[in-house]
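From first to last, the protein sequence lines are chains X and G. The numbering of the first sequence is our numbering, which starts it at 1 and goes up by one. The numbering of the second sequence is our numbering, which starts it at 1001 and goes up by one.
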Amino acid sequence: QQQVKQSPQSLIVQKGGIPIINCAYENTAFDYFPWYQQFPGKGPALLIAIRPDVSEKKEGRFTISFNKSAKQFSLHIMDSQPGDSATYFCAASHTGGFKTIFGAGTRLFVKA
Amino acid sequence: ETGVTQTPRHLVMGMTNKKSLKCEQHLGHNAMYWYKQSAKKPLELMFVYSLEERVENNSVPSRFSPECPNSSHLFLHLHTLQPEDSALYLCASSQDYGHGGELFFGEGSRLTVL
Chain X
1 QQQVKQSPQS
11 LIVQKGGIPI
21 INCAYENTAF
31 DYFPWYQQFP
41 GKGPALLIAI
51 RPDVSEKKEG
61 RFTISFNKSA
71 KQFSLHIMDS
81 QPGDSATYFC
91 AASHTGGFKT
101 IFGAGTRLFV
111 KA
Chain G
1001 ETGVTQTPRH
1011 LVMGMTNKKS
1021 LKCEQHLGHN
1031 AMYWYKQSAK
1041 KPLELMFVYS
1051 LEERVENNSV
1061 PSRFSPECPN
1071 SSHLFLHLHT
1081 LQPEDSALYL
1091 CASSQDYGHG
1101 GELFFGEGSR
1111 LTVL
């Protein structure tokens, strides 16, 4: 119930491609779904987040799609660049709580 | 200094040593966290402090001992660790206890236990 399942584990795309990372959750009490980006040697940084009252959120080249009935959400990176090469983590939490449940991460490599 | 800073960045210790990790946040946040990051595994929450009070000890072995002297500083005291404790230890903060999803992480302390 507390798991967040993330796929794929790794992803290689050409520059300009649109990598898609998928996550699924089980606990319907979750109401906040952030994505974190982590570069080698750095800590994770909050990239974009969504609440279940909307089906899509866009910030720059990053878009979250959210399917409440399927309990799934995904990250799309438009016009991907080599500088986007990093590990991406999806997560889930609920407002008022301190626990954030993380997915296992997706290592993205964007070829120049 | 801005954000969340952690020291040391790298630490190698024997199984009988005692060492400490330090974290400082400059964001005015009221909640601080220790997470463990191991390869190909989800981040594991270890401890949570809200206004210097521990609110969560996520079944962490007693060889890890946290300390939060004020809302800006967090320590993780380490003693008699095992090789499987080798990992990246991340400190994070959030505005308050109820915003645990919006975390600001430090760069981590890479721990190797020999």
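Every residue gets a Cβ at the ideal spot worked out from N, C-alpha and C, and that includes glycine.
Span of the beta strand (DSSP E), counted from its first residue to its last, around residue i
| i | result |
| --- | --- |
| G/T1002 | Here G/T1002 belongs to no beta strand (DSSP E), and DSSP marks it neither H nor E. |
| X/T106 | T106 to K111 |
| X/P40 | It is not in any beta strand (DSSP E) - X/P40 carries neither H nor E in the DSSP assignment. |
| X/T63 | F62 to N67 |
| G/S1094 | A1087 to S1094 |
| G/P1066 | F1064 to N1070 |
| X/Q14 | S10 to Q14 |
| G/R1009 | Unbroken run through G/R1009: none, as it is neither H nor E. |
| G/F1075 | H1073 to H1079 |
| G/M1046 | E1044 to S1050 |
Separation of residue j from residue i, as counted between CA atoms
| i | j | result |
| --- | --- | --- |
| G/P1066 | G/Q1006 | 14 Å |
| X/N27 | G/Y1035 | 21 Å |
| X/Q72 | G/S1038 | 25 Å |
| G/E1102 | X/G41 | 21 Å |
| G/R1054 | G/Y1097 | 11 Å |
| X/I21 | X/I50 | 15 Å |
| X/S7 | X/P19 | 12 Å |
Residue i beta carbon near the ligand MN (any heavy atom closer than 7 Å)
| i | result |
| --- | --- |
| G/L1088 | This structure does not include the ligand MN; it has no bound ligands of any sort. |
C-beta atoms of residue i and residue j nearer than 8 Å
| i | j | result |
| --- | --- | --- |
| X/F98 | G/V1048 | yes |
| G/F1064 | G/L1043 | no |
| X/D31 | X/H76 | no |
| G/G1108 | G/L1088 | yes |
| G/R1086 | G/L1027 | According to the sequence shown, residue 1086 of chain G is Ser rather than Arg. Result no, Cβ atoms of G/S1086 and G/L1027 do not sit closer than 8 Å. |
| X/F62 | X/L47 | yes |
| X/I12 | X/W35 | no |
| X/T87 | X/G105 | yes |
Local Cβ density within 10 Å of residue i, reported as buried at 16 or more and exposed below that
| i | result |
| --- | --- |
| G/S1059 | exposed |
| G/L1051 | exposed |
| X/T100 | buried |
| G/N1070 | exposed |
| X/Q37 | buried |
| G/L1114 | exposed |
| G/H1029 | buried |
| G/H1099 | buried |
| G/M1046 | buried |
| G/Q1025 | buried |
| X/F33 | buried |
| G/M1032 | buried |
| G/F947 | Residue numbering for chain G in the displayed model covers 1001 to 1114; residue 947 of chain G lies beyond these limits and cannot be assessed. |
Reference residue i, options the options, closest by Cα
| i | options | result |
| --- | --- | --- |
| X/V4 | X/S85, X/Y36, X/R107 and X/F102 | X/F102 |
| X/A29 | X/Q38, X/L46, X/A49 and X/A92 | X/A92 |
| X/R107 | G/K1022, G/C1023 and G/K1041 | G/K1041 |
| G/M1015 | G/P1083, G/L1103 and G/H1099 | G/P1083 |
| G/K1019 | G/G1098, G/D1096, G/T1080 and G/S1093 | G/T1080 |
| X/K111 | X/S74, X/S7, X/P8 and X/Q14 | X/Q14 |
| G/S1062 | G/C1068, G/S1072 and G/L1076 | G/L1076 |
| X/A70 | X/K58, X/P44 and X/P52 | X/P52 |
| G/V1004 | G/H1010, G/M1013 and G/H1073 | G/H1073 |
| X/A45 | G/L1111, G/C1091, G/R1009 and G/L1021 | G/C1091 |
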